[in-house]
Every structure is written in structure tokens, then in C-alpha cells.
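Student: First the structure, then my questions, so here it is.
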Amino acid sequence: MIPLELIEQAKSAQVVTVLTGAGISAESGVPTFRGENGLWKKFRPQELANFDAFMRNPELVWEWYNYRRKIIEQISPNPGHFALVEMESYFPQFNLITQNVDGLHQRAGSRNVVELHGNIGRNRCVKCNRISTENLSLNGQKVPTCECGGLLRPDVVWFGELLPEDAIQKAFQASKSCDFFFSIGTSAVVYPAASLPEIAKQNGAFVVEINLEPTPITSFADISIRGKSGIVLPQIVKALT
Ligand code: BV8
Ligand code: ZN
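Residue numbers for the sequence shown follow the numbering used here, beginning at 206 and rising by one.
Written out as C-alpha cells, the structure reads:
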């Protein structure tokens with residue numbers, strides 16, 4: 206059941222900002238990072254999602270990303286993604302910020318998606334920085350290389366790496382200026398993304414969390430709903446329209 210206060214606040218909201226994490230893609234079949242069958246369980250983050258680990262063992266990192274690419278190729282957006290597409294046209298101003306690299310928001314039809322941590326559907330050359338989207342599957346090669354001879358890496362942000370400047374600036378601005386903030390399916394432990402709900406709250410936004418478990422946001426959220434985003438979000442859209 207969606208709390209009446211959430212609907213009333215949303216109905217008068219002018220600027221809505223949404224932060225999503227791996228939880229919103231879980232019902233599509235994309236493993237989360239820190240859940241029981243999470244991606245990090247099989248491998249440890251420090252072995253995979255950082256540049257030194259990649260240069261030390263590019264094969265292992267490519268094995269992990271290709272495993273994830275294969276999953277993403279076979280799945281589709283879920284009702285949670287589609288509900289956010291509907292919200293985009295419902296609110297006067299709607300900002301969607303994601304930590305996810307799976308591209309599912311765009312595939313669901315969301316238009317201006319801010320990708321804080323890049324996108325697994327692109328490769329980037331470690332030498333000349335050229336972005337490519339072809340030869341994503343290794344077809345036998347161990348590690349893809351660029352025409353310039355440099356190693357190709359997934360175009361995602363690893364630990365210790367700066368987020369894309371325009372993405373993080375847009376995200377800070379959208380969190381500062383909104384009057385309603387949704388945090389959906391994120392454990393809120395990875396910074397600077399995890400600071401966005403705090404910024405929204407400090408700037409007077411009504412903060413709503415939708416997550417299966419409590420997180421550091423739960424303590425200051427105005428409303429925290431324990432539930433699956435693929436079920437809760439369509440209920441919110443239904444109550445609004
Ligand atoms: C940076 C790669 C500047 C892409 C990822 C000490 C203190 C504070 C910060 C730091 C520190 N030491 C270092 C840092 C900075 C570090 C950081 O925050 N570390 C943390 C872990 C302590 N951050 C960085 O390094 C960032 N860069 O700060 O640059 C800098 C430079 C140099 C030195 C210092 C700083 C870069 C961060 C990006 C890292 N890249 N991944 C990829 O391969 O995907 S992180 C990884 O975690 C993903 O990107 C993911 O997006 C992110 C967050 O995870 P979540 O999305 O929240 O997923 P998770 O599984 O954790 O949670 C899912 C939630 O959903 C759960 O709560 C679950 O209950 C819920 N759920 C599940 N199913 C559902 C659901 N909810 C609703 N419905 C469902 N159906
Ligand atoms: Zn190159």
C-alpha cells in the first residue's frame with residue numbers, strides 16, 4: 206500500500222530526481238553487487254572493479270564483464286523501469302540518475318539518463334581513449350585491443366576513478382534543485398553517488414526510498430518502503446494517474 210503522504214507530496218512536486226542502483230534491475234535478472242547471489246560474492250571488488258586489477262589481470266576482468274554482458278543481452282527492462290518512463294512525462298521536471306551500467310533505463314524508453322558509472326555497452330581504449338561499441342564479444346580473443354594497439358576496457362567507472370564530470374555535476378544540480386527525491390534499489394555505500402540523497406534532503410526535498418533492506422538513507426528518508434521496485438513503482442504511478 207503506498208502511503209497517502211507520498212502521493213500528496215508527489216502530486217505537488219515540480220522537480221523530481223531519481224537515483225537508481227542495481228536493485229531496480231534485479232527483477233530483470235541482473236545480479237546485484239552485494240546481495241546473497243551478488244556479483245561480488247563470486248569475485249571481490251578489489252580484484253575486478255579497479256584499474257590496477259585490470260592491468261594486472263585483464264583476462265579475469267574481461268571474463269567478469271563478458272559474463273555480465275551476456276546476462277544483459279538476454280534480459281529486458283522490468284515494470285520498475287517502465288514506471289520511471291511514465292513518471293518522466295508526468296512530472297514538470299524529471300531527472301533520472303543511475304549508478305547502473307546495464308543501459309536498461311534507456312532500453313525501457315527513459316530519455317535523459319545520467320549514467321554516473323558509465324555503460325557496459327561501450328569499450329574505451331586505455332591508450333587513446335577512443336570509445337567503441339563493436340567487437341564487444343571477445344570472439345575467442347582474450348582481451349580486445351584498439352587499432353592503436355592499446356588495451357580496450359569496459360567504459361565504466363572503477364573504484365578510485367573519477368566519475369564523468371558532466372554526469373556528477375548534473376547529478377549534484379538535480380539533487381540540490383529537486384523538491385522530491387526517490388532513491389531506488391541502492392545500498393547507498395558507494396560515493397559520491399550515495400551523497401545525492403543527503404544533498405536532496407539538506408536542500409529541503411521530500412526523500413522516498415524504495416529498497417528491500419534498510420540502508421544509510423533509511424534513517425533520514427521521509428518515507429522508506431520495503432518492497433520490490435518492480436511492484437512498488439507501478440503502484441505509485443497508478444495512484445498518481
Ligand atoms: C571516486 C563499477 C574520487 C562499474 C562500481 C572511504 C569512504 C567513502 C568513500 C570511499 C572510501 N574509500 C574510497 C572511497 C570512494 C569509493 C567508495 O565509495 N567506496 C565505498 C565502497 C567505500 N568510490 C569511488 O572510488 C568512486 N570514485 O570516489 O573518485 C576518488 C578518486 C580517488 C580516490 C578516492 C576517491 C567510484 C565509484 C564507482 C565504482 N564502480 N562499479 C560496474 O562494473 O558496475 S561500484 C558498484 O556499486 C556499481 O557501480 C553499483 O552501481 C554501485 C552501487 O551498488 P548498488 O547499485 O547500490 O548495488 P548493491 O548490490 O550494493 O545494492 C542493491 C540494493 O538493491 C540492495 O540494498 C538490495 O536490498 C536492493 N534490492 C535488490 N533487489 C531489489 C532491491 N530493491 C528494490 N527492489 C528490488 N527488486
Ligand atoms: Zn587506442
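Yeah, the Cβ is synthetic: ideal placement off N, Cα and C, and Gly gets one too.
No experiment lies behind these values; they were computed from the predicted model shown.
Residue 280 lies in the alpha helix (DSSP H); which residues open and close that run?
Tutor: Unbroken run through residue 280: none, as it is neither H nor E.
Student: Got a sec: does ligand 2 put a non-hydrogen atom nearer than 8 angstroms to the Cβ of residue 352?
Tutor: yes
Student: Is the stretch 382-392 in contact with the stretch 345-358, if contact means three or more CB pairs nearer than 8 angstroms?
Tutor: no
Student: Would you grab the beta carbon distance between residue 360 and residue 327 for me? Rounded to a whole angstrom, and I think it's under 8 angstroms.
Tutor: 4 angstroms
Student: Can you grab the Cα-Cα spacing for the pair residue 219 / residue 272, in whole Å?
Tutor: 41 angstroms
Student: Please report the distance separating the alpha-carbon of residue 259 from that of residue 212.
Tutor: 46 angstroms
Student: Less than 6 angstroms between C-beta atoms, sequence neighbours within five positions excluded: which residues of the same chain meet that for residue 288?
Tutor: 438, 439 and 442
Student: I'd like to know whether the C-beta atoms of residue 398 and residue 226 end up nearer to each other than 9 angstroms.
Tutor: yes
Student: Return the CA-CA distance between residue 236 and residue 230, expressed in angstroms with no decimal places.
Tutor: 8 angstroms
Student: To the nearest angstrom, report how far apart residue 357 and residue 368 are at their CA atoms.
Tutor: 19 angstroms
Student: Since residue 274 and residue 325 should fall inside the 8 angstroms C-beta cutoff, what is the C-beta to C-beta distance between them, to a whole number of angstroms?
Tutor: 6 angstroms
Student: Got a sec: does ligand 1 put a non-hydrogen atom nearer than 8 angstroms to the Cβ of residue 358?
Tutor: no
Student: Any heavy atom of ligand 2 closer than 8 angstroms to the Cβ of residue 335?
Tutor: yes
Student: Quick one: complete beta strand (DSSP E) runs, 3+ long, within the stretch 285-320?
Tutor: 298-303 and 318-320
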